[in-house]
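In our numbering, the protein residues as written are 27 to 120. Where a beta carbon is used, it is the ideal one built from N, C-alpha and C, also for glycine. Small disclaimer: the values here were computed from a predicted structure and weren't measured. What follows is a set of notes on a single structure, which appears directly below.
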Amino acid sequence: MIRVEVAYARPDKQEIVPVTVPEGTTALEAVKLSGITEMFPDVDPDSNDMGIFGKVIKDPAAHELREGDRVELYRPLKIDPKQARLNRAKKKGA
């Protein structure tokens, strides 16, 4: 068994859930086992992007976790960062 954490954050609430899972558990399996979807019903483990300590995982269903890993669930962006920068620049120039 290994210990990992599953983390999710919204502007109003953040949770880091410690989970003990068998060796060979994938990031997707750990998220489902953590119960984080009960705390945050808006989380869909099958479609949310995930990462380990800030590095995006391409295939969470195949990424095996190691002792101490923290699986992070990412919210979809509301606006592309380049577009947001452009909007701020236009606003400042006006």
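Nonlocal neighbours in the same chain, by C-beta distance under 6 Å from residue i, ignoring five residues either side
i, result
"residue 51", "91"
"residue 74", "99"
"residue 46", "27, 29"
"residue 44", "31"
Assumed close pair residue i, residue j - CB separation to whole angstroms, cut-off 8 Å
i, j, result
"residue 100", "residue 76", "7 Å"
"residue 55", "residue 28", "Not quite, the Cβ-Cβ distance comes to about 12 Å (not below 8 Å), so this is no contact."
"residue 107", "residue 53", "With a Cβ gap of about 24 Å, residue 107 and residue 53 do not count as contacting."
Contacts around residue i, its chain only, beta-carbon distance under 8 Å, and the 5 residues preceding and following it disregarded
i, result
"residue 96", "30, 31, 32, 33, 42, 78, 79"
Beta-carbon contacts of residue i that lie in its chain and below 7 Å, excluding the five residues immediately before and after
i, result
"residue 82", "75"
Reference residue i; option with closest CA among the options
i, options, result
"residue 57", "38, 89, 111, 37", "89"
Continuous alpha helix (DSSP H) stretch holding residue i: start and end
i, result
"residue 59", "53-60"
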